[in-house]
Structures are given as structure tokens and as C-alpha cells.
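One structure below.
Number of protein chains: 2
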Amino acid sequence: MASLLEGQARPIRLADIAKAAGVSHGTASNVFSRPEIVRAEVRERVKAVAEQMGYAGPDPKGRLLRAGKVNAIGVATTEPLSYFFDDPFARVMMAGISEACDATGAGIALVSAANQEKLAWNIRSALVDGFVLFCIEGGSRLVDLTRERKLPFVALELGFQDETVSAIGVDNVAGAKLAARHLAELGHRRFAVLSLGFADNRTGFATPEVVRSAVYTGTRDRLAGYFEELSRFGIDTATIPVYETENEEKSTRAGLEAIFARGEPPTAILAMSDRMALIAIDWLRAKGLDVPGDVSIVGFDGVPDGALSTPPLTTVAQPITEIGRRAARMILDHDGAVRRETMGVEFFVRGSTGPAPKA
Amino acid sequence: MASLLEGQARPIRLADIAKAAGVSHGTASNVFSRPEIVRAEVRERVKAVAEQMGYAGPDPKGRLLRAGKVNAIGVATTEPLSYFFDDPFARVMMAGISEACDATGAGIALVSAANQEKLAWNIRSALVDGFVLFCIEGGSRLVDLTRERKLPFVALELGFQDETVSAIGVDNVAGAKLAARHLAELGHRRFAVLSLGFADNRTGFATPEVVRSAVYTGTRDRLAGYFEELSRFGIDTATIPVYETENEEKSTRAGLEAIFARGEPPTAILAMSDRMALIAIDWLRAKGLDVPGDVSIVGFDGVPDGALSTPPLTTVAQPITEIGRRAARMILDHDGAVRRETMGVEFFVRGSTGPAPKA
DNA sequence: AGCGAAATTTGAATCGATCCAACAAAAATG
DNA sequence: CATTTTTGTTGGATCGATTCAAATTTCGCT
Numbered sequence: 059m060a061s062l063l064e065g066q067a068r069p070i071r072l073a074d075i076a077k078a079a080g081v082s083h084g085t086a087s088n089v090f091s092r093p094e095i096v097r098a099e100v101r102e103r104v105k106a107v108a109e110q111m112g113y114a115g116p117d118p119k120g121r122l123l124r125a126g127k128v129n130a131i132g133v134a135t136t137e138p139l140s141y142f143f144d145d146p147f148a149r150v151m152m153a154g155i156s157e158a159c160d161a162t163g164a165g166i167a168l169v170s171a172a173n174q175e176k177l178a179w180n181i182r183s184a185l186v187d188g189f190v191l192f193c194i195e196g197g198s199r200l201v202d203l204t205r206e207r208k209l210p211f212v213a214l215e216l217g218f219q220d221e222t223v224s225a226i227g228v229d230n231v232a233g234a235k236l237a238a239r240h241l242a243e244l245g246h247r248r249f250a251v252l253s254l255g256f257a258d259n260r261t262g263f264a265t266p267e268v269v270r271s272a273v274y275t276g277t278r279d280r281l282a283g284y285f286e287e288l289s290r291f292g293i294d295t296a297t298i299p300v301y302e303t304e305n306e307e308k309s310t311r312a313g314l315e316a317i318f319a320r321g322e323p324p325t326a327i328l329a330m331s332d333r334m335a336l337i338a339i340d341w342l343r344a345k346g347l348d349v350p351g352d353v354s355i356v357g358f359d360g361v362p363d364g365a366l367s368t369p370p371l372t373t374v375a376q377p378i379t380e381i382g383r384r385a386a387r388m389i390l391d392h393d394g395a396v397r398r399e400t401m402g403v404e405f406f407v408r409g410s411t412g413p414a415p416k417a
Numbered sequence: 059m060a061s062l063l064e065g066q067a068r069p070i071r072l073a074d075i076a077k078a079a080g081v082s083h084g085t086a087s088n089v090f091s092r093p094e095i096v097r098a099e100v101r102e103r104v105k106a107v108a109e110q111m112g113y114a115g116p117d118p119k120g121r122l123l124r125a126g127k128v129n130a131i132g133v134a135t136t137e138p139l140s141y142f143f144d145d146p147f148a149r150v151m152m153a154g155i156s157e158a159c160d161a162t163g164a165g166i167a168l169v170s171a172a173n174q175e176k177l178a179w180n181i182r183s184a185l186v187d188g189f190v191l192f193c194i195e196g197g198s199r200l201v202d203l204t205r206e207r208k209l210p211f212v213a214l215e216l217g218f219q220d221e222t223v224s225a226i227g228v229d230n231v232a233g234a235k236l237a238a239r240h241l242a243e244l245g246h247r248r249f250a251v252l253s254l255g256f257a258d259n260r261t262g263f264a265t266p267e268v269v270r271s272a273v274y275t276g277t278r279d280r281l282a283g284y285f286e287e288l289s290r291f292g293i294d295t296a297t298i299p300v301y302e303t304e305n306e307e308k309s310t311r312a313g314l315e316a317i318f319a320r321g322e323p324p325t326a327i328l329a330m331s332d333r334m335a336l337i338a339i340d341w342l343r344a345k346g347l348d349v350p351g352d353v354s355i356v357g358f359d360g361v362p363d364g365a366l367s368t369p370p371l372t373t374v375a376q377p378i379t380e381i382g383r384r385a386a387r388m389i390l391d392h393d394g395a396v397r398r399e400t401m402g403v404e405f406f407v408r409g410s411t412g413p414a415p416k417a
């Protein structure tokens, strides 16, 4: 009885087993971690004692300190945890990361937090061997926070000037050009851009000034790609409205309102994410505008949902799963080097784009 | 130079900082964990030394051992890790778990493994305060493995006789009855059941013997609910084919083949998961059969995809998110008690069910 | 029985922090 | 100025394991 109550109060340690079985803790440890080097008789005795005392097996907390390696990678974002399961882009990315982790038996720790302070704490105290960072809104702070841990980490999206951080992303300029050329070739001449952020916490029409001082160079590059290609077709890019959203419902709808409130509405929308593109399709339909009859839309990302929408989305597809796989592997077999990989994109022409309406 | 190389070889510990700054390790620790109790002058000096030596801050591995609490819950399954991001049921469940974790700032560790041995190892060495178990195929082994850790855990789906394990699930009998009654009232008289497993690694038509000796009582209960309600309508349940699948594509299609290969095909299918129901809709369409014109189908789960299929799926909806929330909370504020919660279900009549075809 | 080799076992050291009782120094009080 | 109180600092103990060189036991063989 008494022993039962004591058991409740303080979990049994390996040392307790050793003492009870009359062996050193070295031997007791071996019984669990390398049973083959312990004499059978002793091994069974120790195991019996452990069983009888209700020992839970070597506590990973203790083992960890000695071993040093956690065998898990952290995946962090500034969004709430549910982002990993809700967002289509994140989900495909996680599938790639999962694959790489499954292959080596590593675990995944999801790190996030409601507010800044908790995020900092969670990053600081995450039990992981390295991080994969979802660098969306607030990505630069996430990088700073993570850097402090002095663990290997990879930023998804090479949205940073900073060449000292490992990153994997796509060729934004090339992808954007593909999208722009496609629309220009269909005869479109009046454009609008639904843009990702150039810096944190911004929303609204982006001025050239904002673009020039962009923190997120990925956003800047996509815009540069759009503009460069459109110029080639003789289009005056200075007049194209570029609306910065937070890549979610509210600001995207606000952006569309703002864009269509101006005179001469666009016949083509370049969206820097499928998310925004899909929201745009929905918004346009609600306004009674036909896609692609009245307005054509091109997305960016290549999430599975894009193929299922009505009309299906024409988009610049990133090799999302492959990016995830590589990111995870970069952490798993980290060699101390900083790597920056740029992946190619594919262009999927589907139903959301068509010839420019006859004016 | 030398110090730089040494720094590479062995990460700097708090003790190194303490020595270099000429304070005790106790004080050095306080500088980081309770800065307010250290004299400003000392605090700044220690911080400066830490910064200069490239200290990464208190290592959570060390802290953990003292603190005892990880502040993360493990979510485990026998499926590969990608299951959490691919499977609609899992995703909604994870959203609920995420919510509860976000609220308390806890992290989520995903635990899984390709093979049995690795799974055992991963469960044994997961750094978590408790587990939420996805008890699908192989659930009983997962429970056994987890029990050994002597940490709090909750089984999702009260698929176990074992009243000593905490679990959250739905009222399977009531849910099944709802589905059966709906179809019976629509005039259906010839049924087939796409069943979940009664025990591990089984597939094919289930005999009454198999049903009687079910390991997964959740499956048994759903079947019992179906049968009880159908009997009430004077239907001879003994003739109803019950095909056990592994709740995935292959075995479900095999089941449909087998069911429709028999004489007198069913006009109504009771599927114990939306997954199977959706696969069935697809299979039937491919066979040229109309849903619900020729065959009606009722699912079970209430995943979001069911609302988007063509036709949208009539189904028994579990409060999945709420189950996830509660499961996580059960671990987060664990009080040592074993809890078994049974949640109610809702019945959504959508487009996959209609009147029985005139024979 | 005696001897060296092989197989086991031991116990101190280590991993990297936090906690806390005891002590010291400075400040407040009589 | 002596005494109490407050504030800051110290260093040993602890969390729960693993590791490894050294000590011990066992075994095979003559």
C-alpha cells in the first residue's frame, strides 16, 4: 500500500530499480538500452523488478540530456497551429516534410503561438534538432528568433535578402513572367495585382516607394517579373494597381473592392497566391462578373484546391511537396553549410483565364 | 581564433558564461530566467559576456530535466505522418486539438512511424506530457505501447472495451440508427454495409463470429445500431452483407466489387466512414449507377469534403472539432482520473440518399 | 590448480540547466 | 551606532539518464 502511494508521488527512476535489484545503475541502464551485453540472469531479474515496481522505462527527458539529439524537427510559423491543417499550401508542404521525416523516423514538432511573447518562448524552448520556418507574414522576426537558438534552420520562400540564412524557394521572377506573358498573349491590357506583403503589417495600394524598400524580396521579385514581362508588350506598368493583402479573406476582398472602385476595371488579375485568386473568383462571381469571360485570373502556388474550383485555376505551380522534402532533409542531414536552393516552377493553364473581352 | 574553434566544437553552456563573467552559475541562471532579481549592473555584464561568447540561451534540454514538463502533447497514430495533413477526418480533429493547444501555448508533437519497431521507439522516446491517440487500424497496440509510458493519454473513438483507458467518442449506436432509419423510411429494403475493422488486419465479409469477437467495439456498435433499426422495419439483417475494409481506396473498392458481384444488389449502402462512402459514390458512378437514383449512400463522420462531393453526402456527423478540443484539454489539464466521454451526433440529410428505386 | 582471455559489472563523470537554503552586503530602523 | 530588514549572491543538490575506463568475474585450457 505504502509503496503504491509513494509511487504516485514520485515516479520510479532507473536508480530505484538498480538499487532494488542490487545492481549498479550502469547495469540497470544497459538492461534497457543494450540488453544483449547483460547476462541473461541479471537482465531478467532487473526486468522483473522494473515490472513489479511499475517502472515506465528510461525517461526520454534524462536520455535526451546525455544524447543531445532529439530526433525531431520543429516547424514554425507565426500563424495559429491550425494553419498547418487548414491552409492548402501549408498542408502540401507538410506532406513533403512528413515524407522526409518518416523516411528517417524523425518526429515533427509544431511550433507557433498566439502572441509575440509566447512565440519567442516557444521557439526558445522547442525540443528539436532544427527548424523549418514558414516565412509568411512576420517571417523576418521568426528568423531572428530562430537564429538565436543556434540550431540549423531553413526558411521556406527565399524572401530574404539575407544570404546567411539557408532557404528554399522558387524562381519568383520566372514564375511571374509566365503568368504575365500568358495574359498578355491572350490580349489583356488592363491589369491589377493582388500582392503579398512587401513588409509586415501592411495592406492597401503599394507605392513604388514601398516596393523599393521591400523586406520580402519574394514579393518584390514576383512584381518585378509581372512588370518586366508586361512592359515587353508595351503595357504601361506604372498605371497598374498593386494591392497588398495579408493573403486572407478580409484584406483580399477589400483589395478587390478598391481595385474595382477605380475607373476602367481590369480584365486580368495577377494574384500572388492561389488563396487570393480563389477568393477573387468567388468575389467576382458574387459581383456578377464572369471568370474568365469578363475577368481572367492567374494564381501562384499550385495548391490542389486550385484544380477543383469552378472554373479551375490557371496558376504558377511551385513544387511544394519537393520543397518540403528538401527542407526537412536539409535539417535532418545538416552539415553546417548555408544552402540556398531555387526551384523551378510550372505553369498550369486551366479555366480561369481566357481571351480579353472585346472592348 | 582558438576560442572560435572551440566554440564550434562544443556549444557554450551557462556555466561557461558564469565563469567568464565571474559570477556563480546560480546567478547566471537567474539572469536568463528571472532577470528582475539580479542587480542591473551584474545582469548587463553577464548578458554582454553571453552575447560576446555566442551563447544560445539556456538549453531547453537542460531546463526540461529540472522542470519535468515539456509543454507539448503528442498526437500518435499508426499511419504515416502525412496522415495528419491528408486525411479529412484527421485534419478536422487536429484543428480542434490545435485550438486547445493554442489557447494554453502548448506545442504539438506528431508521433508516428513506418514500422512497428520504430513506432514503439518513437512512442517511448517522445518528449511530451501526454498523448492523444488516433485509434484506427492498429489502435489496440498503440494503446498498449502508450500505456507503458505511464503518461496521461486519451484514445479517440471509444473503440475499446477497456474501461481503464480515457477515451472520447460518439454514440455509435444512436448514430447508426439514424442512418438506418433514414434509409428504411425512404423505402429501401436491400442493404449492404461497408464496415470498419472488427479487429486488426482483417478484410472481407464479416461473419457473425467475427462481429461477436470484435476488438473494436465501436465498429460492432455501429453495426448493432444499423441492424437493430432495420429489424424494426422487418428487414432480415442476417442476409445483409457486411464487408470489412481498411478504410482506404483499395479494400473499399474490393468490397464494392464483392457486394455487387452477389445476386440482388443493394439499393442502399451504409458506410461506417465518409471516406468509404465517398469512394463508393465514385465507384458507383464509374459503374454507371446513379446516386441516389439507383443506390443511396449514407456515410459516417461528417467531414467537410462530404458537403462538397457530387452528390453531397448524407451522413452521421460527429462533432469532430469538439472531440479534438476536449481530448487535448483532457491531457493539458489532466487530473489523474480516467474519463470516458460520449458525444452526440447529428444527422445531415444531403444529396446521396433518395427513395428506393421502384423494383 | 593456475593462467590469460573474454565477458560482465561497477561507479564516477557527464549532459545543462534550476532550485533553494545559507550567507553577505546594503539599506532601513530605533 | 547597533540591530533588523531587505536585497543579492553563492554553491551544493537535483532532475534521470548514458558512458567508459577500470575492476571483477567467468570461462577455457593446460
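Top to bottom, those sequences are chains A and B. Numbering-wise (the working numbering), the first sequence opens with residue 59 and increments by one. Numbering-wise (the working numbering), the second sequence opens with residue 59 and increments by one. Virtual Cβ for every residue (Gly too), placed ideally from N, Cα, C. This structure is a prediction, so every number in the text was calculated from the model and none was measured.
Helix, strand or coil for residue i, going by three-state DSSP, please let me know.
i       : result
L254(B) : coil
Y141(A) : helix
A385(B) : helix
M330(A) : coil
G84(A)  : helix
G132(B) : strand
I194(B) : coil
V186(A) : coil
F291(A) : coil
V150(B) : helix
V374(A) : strand
G14(A)  : Because chain A is modelled from 59 through 417, residue 14(A) falls outside the range shown and cannot be assessed.
Give the range of the beta strand (DSSP E) segment to which residue i is assigned.
i       : result
S354(B) : S354 to D359
I226(B) : S224 to V228
E302(B) : V300 to E302
T400(A) : R398 to M401
A213(B) : F211 to L214
E404(A) : E404 to F406
Let me see if you follow: with CB-CB separation under 9 Å, is residue i close to chain A or not?
i       : result
E399(B) : no
I166(B) : yes
E307(B) : no
L390(B) : no
E157(B) : yes
V356(B) : no
In chain A, which residues lie less than 9 Å from residue i when you measure between Cβ atoms?
i       : result
A172(B) : D160, A161 and G163
Residue i touches chain B at which residues, Cβ-Cβ below 9 Å?
i       : result
L122(A) : K119, L122, L123, S183 and L185
Does at least one heavy atom of the ligand FAD sit under 8 Å from the Cβ of residue i?
i       : result
T303(B) : In terms of ligand content, the structure shown is empty, and the ligand FAD therefore cannot be addressed.
Output, in chain order, the set of chain A residues within a Cβ distance shorter than 8 Å of residue i.
i       : result
M152(B) : S140, F142 and F143
Of all the CB atoms in chain B, is at least one closer than 9 Å to the CB of residue i?
i       : result
P370(A) : no
V128(A) : yes
P350(A) : no
A86(A)  : no
L62(A)  : Unreliable positioning characterises L62(A) in this predicted model, as indicated by a pLDDT of 39, which lies under 50. A coordinate reading is not provided.
G196(A) : no
P69(A)  : yes
Which residues mark the beginning and the end of the alpha helix (DSSP H) in which residue i is found?
i       : result
R101(A) : A98 to M111
F318(B) : E307 to A319
G270(A) : Here residue 270(A) is Arg; the residue named in the question, Gly, does not match the sequence. R270(A) -> alpha helix (DSSP H) spans P266 to R270.
L168(A) : Looking at the DSSP string, L168(A) is not in any alpha helix (DSSP H); the run it does join, the beta strand (DSSP E), is G165 to V169.
A125(B) : P118 to A125
Give the interface partners of residue i over in chain A, defined as CB-CB distance under 7 Å, in chain order.
i       : result
G115(B) : R182 and E206
V169(B) : G165
Can you list the residues of chain B that residue i reaches, using a CB-CB cut of under 7 Å?
i       : result
T176(A) : Strictly speaking, residue 176(A) in this sequence is Lys, with Thr absent from that position. Under the 7 Å cutoff, chain B gives G163.
R149(A) : F143
(message) Pairs of beta-carbons, one from the stretch 240–260 of chain A and one from the stretch 295–310 of chain A, closer than 8 Å: are there three or more?
(response) yes
(message) If contact is defined by three or more beta carbon pairs under 8 Å, each pair taking one atom from either stretch, is the stretch 189–200 of chain A in contact with the stretch 255–273 of chain A?
(response) yes
(request) Please determine if the stretch 241–248 of chain A and the stretch 267–283 of chain A are in contact, where contact requires at least 3 C-beta pairs separated by less than 8 Å. (result) no
(request) Flag this pair as touching only if the stretch 367–379 of chain A and the stretch 350–358 of chain A have three or more C-beta atom pairs under 8 Å; answer yes or no. (result) yes
(request) Answer yes if the stretch 142–161 of chain A comes into contact with the stretch 376–390 of chain A, meaning at least three C-beta pairs across the two stretches below 8 Å, and no otherwise. (result) yes
(request) Would you check if the stretch 166–176 of chain B and the stretch 390–400 of chain B touch, i.e. whether three or more CB-CB distances between them fall below 8 Å? (result) no
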